[in-house]
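Enquirer:
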Amino acid sequence: VYLNNEEDVLAVIEFAFDFRDCALSFGEPQTLSDEACEQLKEQERWFDVTEKGLMEKGATKYAFVGPAEGLGNLNAGAFGGFCYLFEDKEKSRYFAITAA
Numbered sequence: 092v093y094l095n096n097e098e099d100v101l102a103v104i105e106f107a108f109d110f111r112d113c114a115l116s117f118g119e120p121q122t123l124s125d126e127a128c129e130q131l132k133e134q135e136r137w138f139d140v141t142e143k144g145l146m147e148k149g150a151t152k153y154a155f156v157g158p159a160e161g162l163g164n165l166n167a168g169a170f171g172g173f174c175y176l177f178e179d180k181e182k183s184r185y186f187a188i189t190a191a
């Protein structure tokens, strides 16, 4: 970093960060119950999956579950998380955010 006499930044030659300080961390996947899936459907909270890698694995929909929200068999925890609905309903999962 280059500064002038007033210590204003004039140029930055390299910038790096530790991804752990700005990324989301997820816990182990939890099985998503039919009850939770139905609640999300009734509340119109499912969105189409558009990420190619997830689609290739059979994911069709996703939804965000808010912090401390109870949903079917889930307790979303302090940070909430993401539900994924798959073509094969047995594969549908919830991923809790463990750090943000």
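With the working numbering as the guide, the letters of the sequence shown map in order to residues 92 to 191. Ideal Cβ positions, reconstructed from N, Cα and C, are used throughout, including at glycine.
Is G172 buried or exposed, if buried means 16 or more other CB atoms sit within 10 Å of its CB?
Expert: Mapped onto the sequence shown, residue 172 falls at position 81. That one is buried.
Enquirer: Can you tell me whether G171 is helix, strand or coil according to DSSP?
Expert: As a first step, residue 171 is located in the sequence shown; it is residue number 80 there, counting from the start. The DSSP-derived three-state label of G171 is coil.
Enquirer: Thinking just about the alpha-carbon of each residue, which of E181, C128, W137 and D139 is nearest to the one in R162?
Expert: By one-based count along the sequence shown, residue 162 stands at place 71. The residue you asked about is not Arg; residue 162 is Leu in the sequence shown. It is C128 whose Cα lies nearest to the Cα of L162.
Enquirer: Give the DSSP-derived three-state secondary structure of A187 in the structure shown.
Expert: Within the sequence shown, the letter at position 96 stands for residue 187. Residue state, collapsed to three classes: strand.
Enquirer: Relative to the alpha-carbon of N174, which residue among A190, S124, D99 and E147 has its alpha-carbon at the smallest distance?
Expert: Working through the sequence shown from its first residue, we reach residue 174 at position 83. It should be noted that the sequence gives Cys, not Asn, for residue 174. Of A190, S124, D99 and E147, the residue nearest in Cα terms is S124.
Enquirer: A127 lies in the alpha helix (DSSP H); which residues open and close that run?
Expert: Locating residue 127 in the sequence shown gives position 36, where the first residue counts as 1. Here the alpha helix (DSSP H) through A127 covers D125 to E133.
Enquirer: By the three-class DSSP mapping on this structure, what secondary structure does K79 have?
Expert: The requested residue 79 is not part of the displayed model; the chain covers only 92 to 191.
Enquirer: What's the C-alpha gap between G157 and D99?
Expert: Translated into the one-based positions of the sequence shown, residue 157 becomes position 66. Translated into the one-based positions of the sequence shown, residue 99 becomes position 8. About 41 Å.
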